[in-house]
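To start, the structure itself, in structure tokens.
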Amino acid sequence: MTAGGVGYKVFANLVSASKWKMGEEVEVLTYLVVRENAMDLYGFTNESERYLFLKFLDVSGIGPKTALHLLSLGSVGEISSAINRGDVDYLKKVSGIGGKTAERIVVELKGKMNFSGRTAGERTNEGVPALNDVIDALVAMGYTAQEARDTIKKLDTNGKNSEQILREALRVVK
Numbered sequence: 120m121t122a123g124g125v126g127y128k129v130f131a132n133l134v135s136a137s138k139w140k141m142g143e144e145v146e147v148l149t150y151l152v153v154r155e156n157a158m159d160l161y162g163f164t165n166e167s168e169r170y171l172f173l174k175f176l177d178v179s180g181i182g183p184k185t186a187l188h189l190l191s192l193g194s195v196g197e198i199s200s201a202i203n204r205g206d207v208d209y210l211k212k213v214s215g216i217g218g219k220t221a222e223r224i225v226v227e228l229k230g231k232m233n234f235s236g237r238t239a240g241e242r243t244n245e246g247v248p249a250l251n252d253v254i255d256a257l258v259a260m261g262y263t264a265q266e267a268r269d270t271i272k273k274l275d276t277n278g279k280n281s282e283q284i285l286r287e288a289l290r291v292v293k
């Protein structure tokens, strides 16, 4: 709601929306999509999230709703890292993204994802190549991807290989 009492419907991914509390004032970065029969507003918690959304829109065949679903895969740094590695399987986890679309995303965006997506005070594990192996291993053991990511964010992963990180993660995982 604005000060004038006007409300807006803003589409956002669940990860972003879960950070916003009912009744609290929040700053929402937006992007307006104007179509012949609708004007849709998409909301983001930070500039890097909005930047990645816009990059997805540049890919042939990706619309705003699919771009928003892609943002739910993880942090901006994790998604960017997956694209730079050419990890098609990671992108295919989104409903509606098949092999060809995932490959198109990688081809069109690989090399353009050279930022960490870090916001003020946020820690990122980008640059640790073993990180995704550890997340995949934890998921294979029955943990959710979000639990695995949250666990790894608590660890010091610098200079460690995937085996060392996995051992440490298993000690602290809930």
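Residue numbers for the sequence shown follow the working numbering, so the first one is 120 and each next one is one higher. Here a beta-carbon is modelled for each residue, glycine too, at the ideal position from N, C-alpha and C. Keep in mind it's a predicted model, so treat the numbers as computed, not measured.
With a cut-off of 8 Å, do at least 3 Cβ pairs link the region 159-172 to the region 182-200?
yes
Could you tell me the distance, in whole angstroms, from the CA atom of Ala267 to the CA atom of Asn251?
Looking at the two C-alpha atoms, the distance is approximately 10 Å.
If you follow the alpha helix (DSSP H) that Leu228 is part of, which residue opens it and which one closes it?
Unbroken alpha helix (DSSP H) run through Leu228: 218-228.
Taking the alpha-carbon of Gly230 as reference, which of Lys211, Ile198, Leu257 has the nearest alpha-carbon?
Ile198
What are the start and end residues of the alpha helix (DSSP H) that includes Tyr170?
166-177
Identity of the residue in Pro183, Leu171, Val291 nearest Lys319 by Cα:
Any property of residue 319 remains undetermined from this structure, which presents the chain solely from 120 to 293.
Let me know the secondary structure DSSP gives Asp159 once reduced to three states.
strand
Taking just the CA atoms, how far does Leu285 sit from Arg154?
47 Å
Check whether the region 145-154 touches the region 205-212, taking contact to mean three or more Cβ pairs, one atom from each stretch, closer than 8 Å.
no
Proximity to Ala256 [Cα-Cα], best of Leu228, Ile224, Leu289
Leu289
Distance CB(Thr220)-CB(Ile181) smaller than 9 Å
yes
According to the Cβ coordinates, are Val226 and Leu192 closer than 9 Å?
no
Val195: buried (16+ other C-beta within 10 angstroms of its C-beta) or exposed?
buried
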